[in-house]
Amino acid sequence: MARDYYEVLGIRKEATEEEVKKAYKKAAMRWHPDKNRDRQEEAEKKFKEIAEAYDVLSDPEKRKVYDQYGEEGLKGGIPAGNAEGMPGGFTRYEFRGDPNEIFKNFFGNSGFGGFGFGGDDVFSSFEFGGGPKFFPHRSGAHSSFPMGGESKKRPHVVDLNLSLEELYTGITKKLRISRKTKTPGRSAQNIFDINVRPGWKAGTKITFEGEGDEEAAGQAQDVVFVVKEKPHDIFTRSGSNLIYRKKAVPLVDALTGFKFNLQTLDKRTLEIEVKDVVSPNYRRVIRGEGMPVSKEPGKRGDLIIEFEVLFPQSLSEDSKLKIRQAFGRSTEGYARNKAGA
Numbered sequence: 001m002a003r004d005y006y007e008v009l010g011i012r013k014e015a016t017e018e019e020v021k022k023a024y025k026k027a028a029m030r031w032h033p034d035k036n037r038d039r040q041e042e043a044e045k046k047f048k049e050i051a052e053a054y055d056v057l058s059d060p061e062k063r064k065v066y067d068q069y070g071e072e073g074l075k076g077g078i079p080a081g082n083a084e085g086m087p088g089g090f091t092r093y094e095f096r097g098d099p100n101e102i103f104k105n106f107f108g109n110s111g112f113g114g115f116g117f118g119g120d121d122v123f124s125s126f127e128f129g130g131g132p133k134f135f136p137h138r139s140g141a142h143s144s145f146p147m148g149g150e151s152k153k154r155p156h157v158v159d160l161n162l163s164l165e166e167l168y169t170g171i172t173k174k175l176r177i178s179r180k181t182k183t184p185g186r187s188a189q190n191i192f193d194i195n196v197r198p199g200w201k202a203g204t205k206i207t208f209e210g211e212g213d214e215e216a217a218g219q220a221q222d223v224v225f226v227v228k229e230k231p232h233d234i235f236t237r238s239g240s241n242l243i244y245r246k247k248a249v250p251l252v253d254a255l256t257g258f259k260f261n262l263q264t265l266d267k268r269t270l271e272i273e274v275k276d277v278v279s280p281n282y283r284r285v286i287r288g289e290g291m292p293v294s295k296e297p298g299k300r301g302d303l304i305i306e307f308e309v310l311f312p313q314s315l316s317e318d319s320k321l322k323i324r325q326a327f328g329r330s331t332e333g334y335a336r337n338k339a340g341a
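Quick note: the sequence shown uses UniProt numbering, first residue 1, plus one each step.
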C-alpha cells in the first residue's frame, strides 16, 4: 500500500518548506529509537519512514513528482508520455539516506540525556492570553527535548505537578494552553498530551518547540513543562528509593518481633515481618520495591523503612524486676535498694 508522506509528517499538502522542517523535527523526536526502547522495532520503522518523507517533501523536484504521480510514480518511474513539466533528468527514487544523519543535521550530536520522554483525561488549563479561541490538538509530540542551539525567544515554563503515585505508575496528562497569535486580539488553545514515564524525577523537562506565544516576525515561544513532585503523606523519595519514615513500634514488639502490612504506591499490599531486635536507628530495606528507574525499564530502587521505637512512659516495680530477670540482670541489689528507699 502506497504511503502518504504528508500523513507520515502530519501536515497538509500545501505545507511550506518551514512547516515540513518543523513537522519532521517533532515526528523524529517523538519516534527516535533511543526514546522508545520499549517498542524498538516499531520506532526504528517509523523513524526511517519519517526520514524518507522528509527527504522527498523537502526536495522540490521529488515533491513535484510525488504530488502528481504518488509513491508509485516516484519509485517506479513517470509513465511514458506524462513527463511534460516534470524535472529534467529525473530518475527513479530510492531512499538511500541515513535517518540518523538527517536527525543529526537538525539537532547535532545532542543525546536525550536526563530529559524526560514523557492518566488523567481531565484538562489542566494554563492561560497565556485572552480573546477568541480555537483548539488544535497537539498529539504529534507527546514530549520533546531541548536539543541545544539558541532559543527563538525566552520559553514559557509551566509547572507539571505530579503525585508520587503518578510518577510511580506513569500517566498521560492532557494539558490545555492558551497562547497569543500574530493576529491582534486573537488567541489559540493548544491541547498537549504528555506521556509521563514511570520513574520520572522532579526537574524533568518536556519541551514543545514553537507552541507558545507567536510574534509578528513569525517566531514563537517554546513551551517547557517542568515536573514538580507533590508531597506524599507516607513516602519520601530519595533518588530511585522510597523512604517510609517512622514506623511506630511498641517496645515489646521491637524486642520480640512483629509483622505489619504496608500498601505500595500501586495499591499492592506488602506483608513485612521483622525478626530482628529493632533499635532506635534500625532500618529495613526491601529490595526492588522503590521507584522505577526510567532509563532502565524493569529496574526499581529500594523501599527503606525507618522505625520509631515507642517506650512506655512508666513501669510498675514488678514490671521492672521482671525485665531485669528477662535480661539476666541481677535483681538482688535492685530489690534491696527499693526496700531501703
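Each residue gets a CB set at the ideal place from its N, CA and C atoms; glycine is no exception.
So, with DSSP's three-state summary, where would you put residue i?
i: SER294; result: coil
i: TYR168; result: helix
i: GLU7; result: helix
i: LYS267; result: coil
i: ASN281; result: coil
i: ARG186; result: coil
i: ILE194; result: strand
i: LEU310; result: strand
i: ALA220; result: strand
i: ARG96; result: coil
i: ALA43; result: helix
i: PHE235; result: strand
i: GLU72; result: helix
i: LYS230; result: coil
i: LYS13; result: coil
i: GLU19; result: helix
i: ASP59; result: coil
i: TRP200; result: coil
i: LYS133; result: Caution applies to LYS133, whose pLDDT of 32 falls short of 50 and renders its modelled position unreliable; the value that the coordinates give is listed next. The answer is coil: DSSP assigns LYS133 none of H, G, I, E or B.
i: LEU255; result: helix
i: LEU321; result: helix
i: ASN105; result: helix
Please tell me whether residue i and residue j are closer than 9 Å, where the distance is taken between their beta carbons.
i: LEU164; j: PHE235; result: yes
i: ALA106; j: LYS48; result: According to the sequence as given, residue 106 is Phe; it is not Ala. No. Outside cutoff.
i: ASP67; j: LYS13; result: yes
i: ALA28; j: ILE102; result: yes
i: GLU289; j: THR256; result: no
i: ILE206; j: GLU306; result: no
Strictly by DSSP, which residues pair up with residue i?
i: ILE272; result: PHE260
i: PHE225; result: VAL158, ILE206
i: LEU303; result: LEU242, ILE286
i: LYS174; result: ASP193
i: ALA248; result: GLU308
i: LYS180; result: SER187
i: LYS214; result: Reading the sequence as shown, one finds Glu at residue 214 and not Lys. DSSP, once it has assigned bridges, lists ALA220 as partnering GLU214.
Sort the options by Cα distance to residue i and report the nearest one.
i: ASN196; options: GLU101, ILE50, PRO292; result: The amino acid occupying residue 196 in the given sequence is Val; Asn does not appear at that position. The shortest C-alpha separation from VAL196 is found at PRO292.
i: THR269; options: LYS13, LYS275, ASN261; result: ASN261
i: GLU273; options: ARG284, SER279, LEU265; result: ARG284
i: PRO155; options: MET29, SER316, ASP213, SER279; result: ASP213
i: VAL278; options: VAL65, ASP253, PHE327; result: ASP253
i: LYS201; options: GLN189, SER187, VAL226; result: VAL226
i: GLY70; options: ASP38, GLY301, ARG39, GLU7; result: GLU7
i: ASN190; options: PRO250, PHE208, GLY199; result: PHE208
i: LYS259; options: GLU271, LYS267, PRO250; result: GLU271
i: ASN241; options: ILE286, PRO280, VAL157, ASN36; result: ILE286
i: VAL65; options: LYS104, GLU19, TYR5, LYS25; result: TYR5
i: TYR282; options: GLU308, LYS267, SER294, GLY301; result: GLU308
What separation, rounded to the nearest whole angstrom, lies between the Cα atoms of residue i and residue j?
i: ILE177; j: LYS46; result: 28 Å
i: GLY10; j: ASP59; result: 17 Å
i: ASP55; j: ARG3; result: 14 Å
i: MET86; j: ILE50; result: Bear in mind that a pLDDT of 45 at MET86, under 50, signals an unreliable position, so the number given afterwards is only what the model happens to contain. Each residue's alpha carbon lies about 25 Å from the other.
i: SER238; j: ARG245; result: 12 Å
i: GLN221; j: GLY210; result: 5 Å
i: GLY118; j: LEU303; result: Residue confidence is low: GLY118 scores 38 on pLDDT, short of 50, so the model does not pin down where it sits. No coordinate-derived value is stated.
i: LYS173; j: PHE192; result: 8 Å
i: GLU229; j: LEU162; result: 5 Å
i: GLU17; j: ALA23; result: 10 Å
i: GLU41; j: LYS62; result: 28 Å
i: ASP98; j: ARG179; result: 37 Å
i: ALA188; j: LYS182; result: 10 Å
i: ALA248; j: ALA326; result: 24 Å
i: ASP38; j: GLY170; result: 14 Å
i: LEU167; j: GLY73; result: 49 Å
i: LYS299; j: LEU175; result: 29 Å
i: residue 364; j: GLY328; result: This structure cannot settle anything about residue 364, because the visible part of the chain is limited to 1 through 341.
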